Amino acid sequence: MKVLITYISQTGNTEKIASAIHNEASKNHEVQSKQLKDISAADLAAYDFIFIGSPLHGGNLAAPVKEFLGSIKSGKGKKIAGFITHAADAYPDQDMDKFSEPIKAACKDSGMVYKGCFDCQGFLTEALHEMIKKSQNLTDEQWAARVAQMTGHPNAEDLQKAKTFTQTMLAQ
Ligand SMILES: Cc1cc2nc3c(=O)[nH]c(=O)nc-3n(C[C@H](O)[C@H](O)[C@H](O)COP(=O)(O)O)c2cc1C
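In the numbering used here, the protein residues as written are 4 to 175.
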């Protein structure tokens with residue numbers, strides 16, 4: 004299959020997952036990775052399977068990712084899967100369903116088939132630490148525990164899970 008991995012990543016977390024998916028998919032498929040800003044919906048015509056990645060921004064896919072998904076007009080016979088990184092350690096399934104809704108909606112509009120969505124934690128950029136600590140009214144101690152918990156993500160285990168996800172997606 005011809006596989007496209009496209010994503011947005013401001014601080015490198017989502018890009019790490021893109022890279023793990025690329026390495027795994029390349030074992031058996033022809034794979035290209037491109038930042039979302041470098042492609043248009045028309046470029047999808049050249050691929051059979053699309054992985055689309057985004058950081059979570061305000062409880063949603065990043066705005067340019069949602070915009071791109073909304074611009075896909077035709078995709079019959081293609082398959083698509085999402086991958087998301089977020090600073091929270093985990094989200095319940097119903098939240099993940101909500102986050103992946105724009106991908107499912109794009110499938111309804113274009114005829115693509117939705118295959119699934121991977122998510123994992125990604126370290127929050129330090130530029131936002133003070134703001135989040137204040138907005139959640141956390142003590143220094145509570146915030147230090149949060150930072151310690153998210154440090155290093157996506158970690159080796161997250162990357163291994165992304166590889167397993169890739170195998171599952173491409174086997175179907
Ligand atoms: C503007 C903004 C909004 C964010 N909103 C959320 C959020 O709602 N929930 C969450 O868990 N993380 C949130 N984050 C954290 C990022 O989703 C997380 O650090 C992600 O791994 C960043 O990915 P990147 O390095 O590929 O840009 C937000 C980050 C930014 C910059």
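Ideal Cβ positions, reconstructed from N, Cα and C, are used throughout, including at glycine.
All figures in this text were calculated on a predicted structure; none of them were measured in a lab.
Could you check if residue i is buried or exposed, using at least 16 other CB atoms within 10 Å of its CB as the buried criterion?
i    : result
K40  : exposed
E33  : exposed
M172 : buried
D122 : buried
T169 : buried
D100 : exposed
I135 : exposed
Does the distance from the C-beta atom of residue i to that of residue j stay below 8 Å?
i    : j    : result
I87  : L59  : yes
I8   : A21  : yes
Y50  : K79  : no
I83  : Y117 : yes
L127 : A90  : yes
K166 : E18  : no
Kindly indicate if chain B contains any beta-carbon less than 8 Å away from that of residue i.
i   : result
F71 : Going by chain labels, chain B is absent from the structure shown, which holds only one protein chain.
Starting from residue i, trace the beta strand (DSSP E) in both directions and tell me its first and last residue.
i   : result
S22 : Note, S22: premise wrong, no beta strand (DSSP E); alpha helix (DSSP H) at 16-28.
G80 : Neither: G80 is in no beta strand (DSSP E) and is coded neither H nor E.
If you follow the alpha helix (DSSP H) that residue i is part of, which residue opens it and which one closes it?
i    : result
Q163 : 159-174
G73  : 66-73
Q: Kindly provide the ranges of any beta strand (DSSP E) runs that are 3 or more residues long and lie completely inside the segment 87-117, ordered along the chain.
A: none
(Q) Give the list of continuous alpha helix (DSSP H) stretches no shorter than 4 residues that lie fully inside the segment 128-152. (A) 132-138
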